Amino acid sequence: MFTPKTLISDLYVGESPRWHDNRLWFGNWGGAQEIVAADLEGKTEVIARGPKPAGFCLDWLPDGRMLVTGDDQLLRLESDGALVTHADLRGVGSALNEVVVDGRGTIYVNSVGFRFGEEEFRPGSIAMITPDGSIRRVAEDIWFPNGMVVTPDNSTLIVAESWARQLTAFDIEPDGSLTHRRIWAQVNGDGITMDADGAIWTSDVAGDQPIVQRVREGGEVLDRIELDGACFACMLGGADGTTLFLMLADWRGVENMGEMFSTRTGRVLTVEVAVPRAGRP
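No gaps in the numbering here: position 216 of the sequence shown is 216 in my numbering, and each next residue is one more.
Next up, the structure:
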């Protein structure tokens, strides 16, 4: 029996949670436009201002510097708090969303492909930035790419295709290319996180009952937690890697996104689970 507990409240929309350096890091999208770090007691620290009202996501280079997605630039947070361009992704992606850095320092950034709520749908893509700075697109026709994970052995990248209602996997080749595209699980996903058994916790805002669920490759649902609000992302972390952080806010539909981003309905819930975090982020 899972019993979620409230860790943090009074956010706008918490997104892109990451467990890093013994704290939970996330974006407080909307009215705050903040990058926030929090300890396990719920004490928060604003690290920097986000580069845009919504859609910015976080990960870290091997040397510890933070990366943040902008509109068409991958940004890097410097020690003085400034966000500077790490990679210019114009021409390979637009409306950048999630970012993940694998164990070799290769960066994968996905782009939605259209301005959500402002333009007609277009499929998105995934771009790769190698440690030497070369940039190229490595996957296309991704139907609203959201959360991504890389397996602990750096062999597989899995991305949530929210508008296809599936998790899609790719093999990672030695040069970082993505091949052997396949459906990993036919379940809805937004933010995702992997555990040491190779299962994925995935948030699901679709349907009448908001849930987060744990699935294995092939789609078998291993665990399911019903929630009292839409869960936009999740992340395993904590001292033992077994705290599941859930980012909730009131979802009012695309036509009311402005209202969602201007009201403080965002919360971070925690649930203790049995299997610890693995892979990246």
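Just so it is clear, CB atoms sit at the ideal spot from N, CA and C, and this is done for glycine as well.
Just so you know, these numbers come straight off a predicted model, no measurement behind them.
Asked, Found
"Within 10 angstroms of the Cβ of Pro-174, are there 16 or more other Cβ atoms? Answer buried if so, exposed if not.", "exposed"
"Starting from Ile-129, follow its DSSP beta bridges and name the residues at the other end.", "Ile-107, Ile-135"
"Going straight from the alpha carbon of Val-215 to that of Leu-157, what length do you get?", "16 Å"
"Any chance you could list the beta strand (DSSP E) runs of at least 3 consecutive residues sitting entirely within the segment 220-264, in chain order?", "221-226, 230-237, 243-249"
"In angstroms with no decimal places, state the Cα-to-Cα distance between Val-212 and Gly-27.", "19 Å"
"Would you list the one or two residues that DSSP bridges to His-20?", "Arg-23"
"Quick check: what's the CA-CA separation for Asn-110 versus Leu-83?", "19 Å"
"My output table needs one value for Trp-29: the three-state DSSP class, helix, strand or coil.", "strand"
"Return the CA-CA distance between Thr-193 and Pro-210, expressed in angstroms with no decimal places.", "17 Å"
"Check this for me: beta carbons of Arg-18 and Ala-37, under 7 Å apart or not?", "no"
"Could you give the uninterrupted runs of the beta strand (DSSP E) lying entirely in the segment 32-84, keeping only those of 3 residues or more?", "34-38, 44-49, 58-60, 66-69, 73-77"
"Give me the Cα-Cα distance between Asp-72 and Gly-219, rounded to the nearest whole angstrom.", "33 Å"
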